[in-house]
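Written out below as structure tokens is the structure these notes cover.
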Amino acid sequence: MFKKLFFGGLALVLALGLAFQASPVFAMAGSGGTAGVPNPPVLARIRSVTLLETSPYQLRIVGSLPSACHQLRVTTSPVGDDPQTSGPSPLSIWVRGVPLPDVACPPSPKPFVATVTLDPVKLNLAPGKYVALVNPVDGQSAFTAQFIVRPPQVDVILATLTRLAVMESNPPQFSISGTLPATCYQPQVSAPKVSGAIISVFVRGVAPKGMPCGEALRTFTKTVTIDPAKLGLAPGTYTVLFNPVNGESRFKAAVTVR
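All the letters of the sequence shown, read from the start, carry residue numbers 43 to 300 under my numbering.
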């Protein structure tokens, strides 16, 4: 009888000990993270990111959400008061899908095209160089775009183009003519930007902010060089777009790399 009571009490003690050891695991699973949050937001699948040369700059983001029951949400992380001096300051942009509550949807991807405005005033960006990182992981992203916030004392506008001529040269060169709205604007040509088989070139006018200007139009002609070696172009045919808007331009030319 004594042995039965002894072994019965020992079994009860062991069972209680195991129960007390297991209880903290369930407590941790339900506290913190998204374990206690029903239907948390999910990161969107990104296909492409394009920097639009608008004022202010904009990002065109193409991707998909898990289903039609997800709503698109875009947020931007603050950079800080001062940009880095050793390189572009990172600007994290998060593109997520927020599930609609109490709605059941088949898991069919929902494509989207989003435009994000990089407004230096609203984002509190000091003058300097920045790199937008879309859905970064550990500070890295496969989808990035670099842009510059210029000092407020400079006005930058896109030039109005009027003529494009192909020059007989190697590497290929183009003569681009146009007008600027006032005589104090100086024409500037951006470095060519390559995206697949598209090469974009932007011609702008730059003037000191608040500087007295004559109202007469300023005409200009600039020479643009497309050097396949410097741009790292593989053999093929490329389309050069001058001052494109949404991927289209009246002024374009073809370049063949052999």
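Backbone N, C-alpha and C define an ideal beta-carbon position, used for all residues, glycine too.
Name the two residues that bound the continuous beta strand (DSSP E) containing Ala201.
For the purposes of this step, residue 201 is identified with residue 159 of the sequence shown, where counting begins at 1. It is not in any beta strand (DSSP E) - Ala201 carries neither H nor E in the DSSP assignment.
Any idea what DSSP makes of Lys251, helix, strand or coil?
One-based indexing of the sequence shown puts residue 251 at position 209. Coil at Lys251, not helix or strand.
Straight-line Cα distance separating Lys264 from Ser219
Position 177 of the sequence shown, counting from 1, holds the residue named residue 219. Position 222 of the sequence shown, counting from 1, holds the residue named residue 264. So the two alpha carbons sit approximately 6 Å from each other.
Considering only DSSP beta bridges, list what Ala207 is partnered with.
Translated into the one-based positions of the sequence shown, residue 207 becomes position 165. Answer is Ser217, bridged to Ala207.
By a C-beta neighbour count over all protein chains shown, 10 Å radius and 16 as the cutoff for buried, is Ile268 buried or exposed?
Looking up residue 268 in the sequence shown gives position 226. It is buried - the Cβ of Ile268 has at least 16 other Cβ atoms within 10 Å.
Ala224 in three-state terms, based on DSSP:
Working through the sequence shown from its first residue, we reach residue 224 at position 182. Three-state DSSP puts Ala224 in coil, outside helix and strand.
Less than 7 Å between C-beta atoms, sequence neighbours within five positions excluded: which residues of the same chain meet that for Pro83?
Residue numbering aside, residue 83 sits at position 41 when the sequence shown is read from its first letter. Same-chain partners within the cutoff: Arg115, Arg138, Gly139 and Val140.
Pull up the CB-CB distance for Leu86 and Ser106, whole angstroms please, since I reckon it's below 8 Å.
Taking the sequence shown and counting its residues from 1, the one referred to as residue 86 is at position 44. Taking the sequence shown and counting its residues from 1, the one referred to as residue 106 is at position 64. In the sequence as presented, Leu is not what sits at residue 86; that position holds Ala. Right, the Cβ-Cβ distance comes to about 7 Å (below 8 Å), so this counts as a contact.
Say whether chain C places a C-beta atom closer than 8 Å to the C-beta of Ser183.
The displayed structure is made up of one protein chain only, and chain C is not part of it.
Can you check whether the CB of Leu283 is closer than 8 Å to the CB of Lys272?
Within the sequence shown, residue 272 is the residue found at index 230, counting from 1. Within the sequence shown, residue 283 is the residue found at index 241, counting from 1. Going by C-beta atoms, Lys272 is not nearer than 8 Å to Leu283.
So Leu222 packs on Leu259, CB below 8 Å; how close in whole Å?
Residue 222 sits at position 180 when you count from the first residue of the sequence shown. Residue 259 sits at position 217 when you count from the first residue of the sequence shown. Indeed they touch by this definition, with Cβ atoms about 7 Å apart.
For my contact list, Gly247 and Ile190 are in at a C-beta cut-off of 8 Å; report their separation, rounded to the angstrom.
If you number the sequence shown from 1, residue 247 lands on position 205. If you number the sequence shown from 1, residue 190 lands on position 148. Incorrect: roughly 16 Å between the Cβ atoms, too far for contact.
Contact between the segment 147 to 163 and the segment 177 to 186 (3+ Cβ pairs under 8 Å)
no
Hey, how far is the Cα of Lys235 from the Cα of Ser242?
Position 193 of the sequence shown, counted from the start, is the residue given in the question as residue 235. Position 200 of the sequence shown, counted from the start, is the residue given in the question as residue 242. Spanning the two alpha carbons is a distance of roughly 5 Å.
Ordered along the chain, which non-local residues of its own chain (more than five positions away) have a Cβ less than 7 Å from that of Pro229?
Along the sequence shown, read from residue 1 onward, the residue named residue 229 stands at position 187. Here the set comprises Ala201, Leu222, Val245, Gly247, Phe262 and Lys264.
Neighbourhood of Arg300 by C-beta, 7 Å cutoff - its chain only, sequence neighbours within 5 removed
As a working note, residue 300 is residue 258 in the sequence shown. Closer than 7 Å at the Cβ level, and outside the excluded window around Arg300, lie Pro277.
For Asp144, does the count of other Cβ atoms within 10 angstroms reach 16, so buried, or fall short, so exposed?
By one-based count along the sequence shown, residue 144 stands at place 102. Answer is exposed; the Cβ neighbour count stays below 16.
According to DSSP, is Lys45 helix, strand or coil?
The sequence position of residue 45 within the sequence shown is 3, counting from 1. Note that Lys45 has pLDDT 46, beneath the 50 cutoff, so the model's placement of it is unreliable and the number below is only indicative. Residue state, collapsed to three classes: helix.
Is it buried or exposed for Thr204, if we count other Cβ within 10 angstroms and need 16 for buried?
Here the question's residue 204 lines up with position 162 in the sequence shown. The residue in question, Thr204, is exposed, as its Cβ has fewer than 16 Cβ neighbours within 10 Å.
Have a look at Tyr280 and Pro169 and give me their C-alpha separation to the nearest angstrom.
What you label residue 280 is simply residue 238 of the sequence shown in a count that begins at 1. What you label residue 169 is simply residue 127 of the sequence shown in a count that begins at 1. Distance between the alpha carbons of Tyr280 and Pro169 is about 34 Å.
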